[in-house]
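One structure below.
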Amino acid sequence: MYKHFFSHVDIPPQNINILDGNAHDLAAECASFEARIARYGGIELFLGGVGPDGHIAFNEPGSSLSSHTRVKTLAYDTILANSRFFGNEVSQVPRRALTVGIQTIMDAREVVIVATGAHKALAVEKGLEGGINHMWTLSALQLHPYALIVCDRDATLELKVKTVRYFESIEQSGTDARTQGPPLLYRPKTYVPAPVGIGKIQPSQLTPQTTPQKIPKDLRINTELNQSMEDDELTPDSMSSRMVDSAIGGLDSTLKGDLFFDPMGARVVSH
């Protein structure tokens with residue numbers, strides 16, 4: 001960090017905060033780092049990369065998505081990838097590292113992850129199109145309100161074509177499609193999305209809608225029922241005798257042929 005970044009920018013040394021992997025008490029170093037983040041008002045922008053297995057920072061597959069700064073045992077792929085910093089000697093790479101946790105990253109106001117190369121394509125696909133999964137810790141950023149993944153073309157090889165086209169359309173428009181506001185990197189803390197503009201409609205343009213009146217149908221039930229009783233058995237009356245309906249007025253004479261059931265007593269032959 002000193003060689004490739006801090007020595008090239010104008011920053012006071014006292015403003016540099018890096019985890020000390022050589023600290024005597026690693027747990028205390030991690031706790032102190034979290035306390036400093038809180039004391040300075042949180043992380044404004046987290047900038048990081050992603051591993052081929054989808055890990056961000058040193059949060060290897062299987063890491064807790066609610067984790068904070070801690071000591072983490074490295075996976076072999078991570079050790080192999082970092083051997084380039086140790087003269088390509090795998091045996092010289094530490095087996096453990098201090099890292100910010102997933103929750104520490106999620107608490108940052110903005111997160112930018114850079115992924116380049118075809119060997120990162122699967123991680124990008126799992127992180128964007130797959131569900132949130134602690135085996136692909138990049139996927140946790142799906143829950144972050146202001147997360148941005150910067151990819152080259154090769155890193156998108158595993159994505160669906162429509163996914164790539166969607167994000168390309170956002171890039172071409174130069175806006176964040178979720179809020180139609182400015183790009184995320186230039187959004188101030190106090191940014192409030194502007195309401196969607198809708199043209200005002202003049203009162204003269206409004207035509208009142210008339211609701212056609214419905215003529216109620218007389219469906220009153222005739223309670224004066226003439227039920228014939230034989231041998232204490234019920235003989236159902238016709239349906240037409242129960243209804244006073246203007247729609248069938250004048251047809252009473254045609255409804256005389258309704259079926260009447262014989263009483264059970266008429267069907268029994270006594271001996």
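For reference, each letter of the sequence shown is one residue, going 1 to 271 in full-length UniProt numbering. For each residue, glycine too, the CB sits at the ideal point set by N, CA and C.
- Residue burial annotation: Glu89 is exposed, with fewer than 16 other C-beta atoms found within 10 angstroms of its C-beta.
- Beyond the five residues adjoining it in sequence on each side, His24 comes within less than 7 Å, by CB distance, of no other residue in the same chain.
- When DSSP states are grouped into helix, strand and coil, Lys162 belongs to the helix group.
- Taken through DSSP and simplified to helix, strand or coil, Asn59 comes out as strand.
- Comparing alpha-carbon positions, the option among Phe33, Ala121 and Phe46 lying closest to Leu19 turns out to be Phe33.
- By the C-beta density criterion, Asn59 is buried, having at least 16 other C-beta atoms within 10 angstroms.
- Here the alpha carbons of Asp53 and Glu129 stand approximately 15 Å from one another.
- When Cβ pairs closer than 8 Å are counted between the two stretches, the stretch 117–129 is seen to touch the stretch 155–175, the count reaching three or more.
- Restricted to the stretch 48–134, the alpha helix (DSSP H) segments that are unbroken, complete and at least 4 residues in length are 76–82, 102–106 and 121–128, listed in chain order.
- Per DSSP, Ile43 lies in no alpha helix (DSSP H) segment and is marked neither H nor E.
- Under the three-state reduction of DSSP output, Leu148 falls in the strand class.
- Counting only the Cα atoms, Ala115 lies some 18 Å from Met106.
- Using a 10 angstroms sphere on the CB of Ala97, the tally of other CB atoms reaches 16 or more, which defines it as buried.
- Three or more beta-carbon pairs separated by less than 8 Å link the stretch 57–71 to the stretch 137–153, which places the two stretches in contact.
- Cα atoms of Phe5 and Ile79: separation of roughly 23 Å, rounded to the nearest angstrom.
- Closest by C-alpha distance to Glu44, out of Val150, Cys30, Ile132 and Val112, is Val112.
- In chain order, Thr116 place their CB closer than 6 Å to the CB of Asp152, counting only its own chain and leaving out the 5 sequence neighbours on each side.
- Ala35 counts as exposed, since fewer than 16 other C-beta atoms from the protein chains shown sit within 10 angstroms of its C-beta.
- Using a Cβ distance threshold of 9 Å, Val100 and Phe46 count as a contacting pair.
- Within its own chain, the residues whose Cβ lies closer than 7 Å to the Cβ of Glu29, once the five positions on either side in sequence are excluded, are Leu19, Asp20, Ala23 and Leu98, listed in chain order.
- Here Tyr146 is near Arg109, since their CB atoms are less than 9 Å apart.
- His55 is the residue among Thr73, His55, Ile170 and Val150 whose C-alpha sits nearest the C-alpha of Asn133.
- When the Cα atoms are used, Gly41 and Gly51 turn out to be separated by approximately 29 Å.
- Sequence-distant Cβ neighbours of Thr73 in its own chain, meaning closer than 8 Å and more than five residues away, are Glu60, Arg95 and Arg96.
- Close CB contacts of Thr104 within its chain, under the 8 Å cut and outside five residues either way in sequence, are with Glu34, Ile37, Ile43, Ser67, His68 and Thr69 (chain order).
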